[in-house]
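Asker:
Residue numbers (my numbering): 1 to 334.
1) If you count every other CB in all the chains shown that lies within 10 Å of the CB of residue 18, and 16 or more means buried, which is it?
2) If I measure Cβ to Cβ from residue 320 and keep anything under 6 Å in the same chain, skipping five residues before and after, which residues do I get?
3) Excluding the five sequence neighbours on either side, which residues of its own chain have a C-beta within less than 6 Å of the C-beta of residue 308, listed in chain order?
4) Taking the C-alpha atoms as reference points, what is the distance between residue 75 and residue 288?
5) Would you list the residues sitting across from residue 281 in a DSSP beta bridge?
6) Tell me, to the nearest whole angstrom, how far the beta carbon of residue 196 is from that of residue 271; I am working on the premise that it is less than 8 Å.
7) Quick one: grab the DSSP three-state call for residue 10.
8) Helix, strand or coil: how does DSSP classify residue 148 here?
9) Would residue 263 and residue 242 be called neighbours here (beta carbons separated by less than 9 Å)?
10) By Cβ distance, which residues of its chain are closer than 7 Å to residue 113, with the 5 residues on each side in sequence left out?
11) In angstroms, rounded to a whole number, what distance separates the CA positions of residue 222 and residue 273?
12) Is the beta carbon of residue 184 less than 9 Å from the beta carbon of residue 143?
13) Using a threshold of 9 Å, state whether the C-beta atoms of residue 104 and residue 204 are closer than that.
14) What does DSSP give as the partner residues of residue 168 in its beta bridges?
15) Helix, strand or coil for residue 329 per DSSP?
16) Looking at the C-beta of residue 9, does it have a partner C-beta in chain C at a distance below 9 Å?
17) Of all the options 291, 125, 4, 29, which has the alpha carbon lying nearest to the alpha carbon of residue 163?
18) Measure the C-alpha to C-alpha separation of residue 314 and residue 14 and round it to an integer number of angstroms.
19) Please list the segments of the alpha helix (DSSP H) lying wholly inside the region 202-261, counting only runs of 4 or more residues, in order along the chain.
20) Since residue 308 sits in a beta bridge, which residues does DSSP pair it with?
21) Can you tell me which of 330, 199, 229 puts its alpha carbon nearest to the alpha carbon of residue 3?
22) For residue 194 and residue 239, what's the separation of their Cα atoms in angstroms?
23) Counting pairs of beta carbons, one from the region 62-79 and one from the region 92-104, are three or more of them closer than 8 Å?
24) Quick one: what does DSSP say residue 71 is sitting in, helix, strand or coil?
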């Protein structure tokens, strides 16, 4: 286990938070729940039919894992009423709310809203929309945060990487915002800096990435990145952030010396902000598959309470780390 992972898990364990996993029908989620409890990372509630979950996972020791069936829970009426009160102005009926409160993901998010859990991790076998829709309807964004975005925690292999000084990177946004405008890109950068500090214990050095470095190319896409940089400086002047930078100028000291001399970030960036979803998604998968990094995410940032959406290709160990990160996210002051 890398030092980054050890730190995340040990810090999460000290918090004693309660994380809910709606996907009790997925064997990876069940295994992760058992492992997280065994390692003392968090208290865990699985949602689903207890008898079915145990029958489908006979080799998994679920001692210490709470299992709740939303279809028979005594909390159903209370949660349905919470949902109705939140959404009636949008046209939701009491009947609609009662029906939705039987859904595992809605039930889990309502647990958060009611204060019966501290965070939620889903998405192993459901779409991003299935996870984020109830989150946006019920939990919503934190005060002063205009959007929910996502990032990947990219953890270097144990053998290390010559360009990864801190053992990990934050990549954003690689999972949600398709083509963010300058303001959105700026807020993604600011949120990612907070995630870098709270989750990875990084002193963030943030690179606004582009196909251009310091005016080497002229294009509207470059202008967008420069406008985002200006906005980020405006809303968070304390951040160590620079752009526009090509990837090599951002992380390779020798290239930075040539392409961006005097930059406070170039050559040593540990938070990489991609100009659009195509670039970010391609980059994290290249880093994972060709670079041997562990990709943890996509992790959400900006919700009033922590909600995280897994990749459907995730492994049980990825879910365990996501549980630990979700616990740590309860400490972020947005």
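We put the CB at the ideal spot given by N, CA and C, even for glycine.
Answerer: Put simply:
1) buried
2) Around residue 320: 32, 35, 36.
3) 121, 299, 300, 322, 326
4) 41 Å
5) None, per the DSSP bridge assignment.
6) The pair is a contact, with the Cβ atoms about 5 Å apart (cut-off 8 Å).
7) helix
8) coil
9) yes
10) 82, 138, 139
11) Taking the straight line from one Cα to the other gives about 13 Å.
12) no
13) no
14) According to DSSP, residue 168 bridges with 155.
15) helix
16) As a matter of chain content, chain C is missing from the structure shown, which is built from one protein chain.
17) 291
18) 25 Å
19) 220-235, 247-251, 253-259
20) 121
21) 199
22) Answer to the nearest angstrom: the Cα atoms are 10 Å apart.
23) yes
24) Residue state for residue 71 is assigned as coil, using DSSP reduced to three classes.
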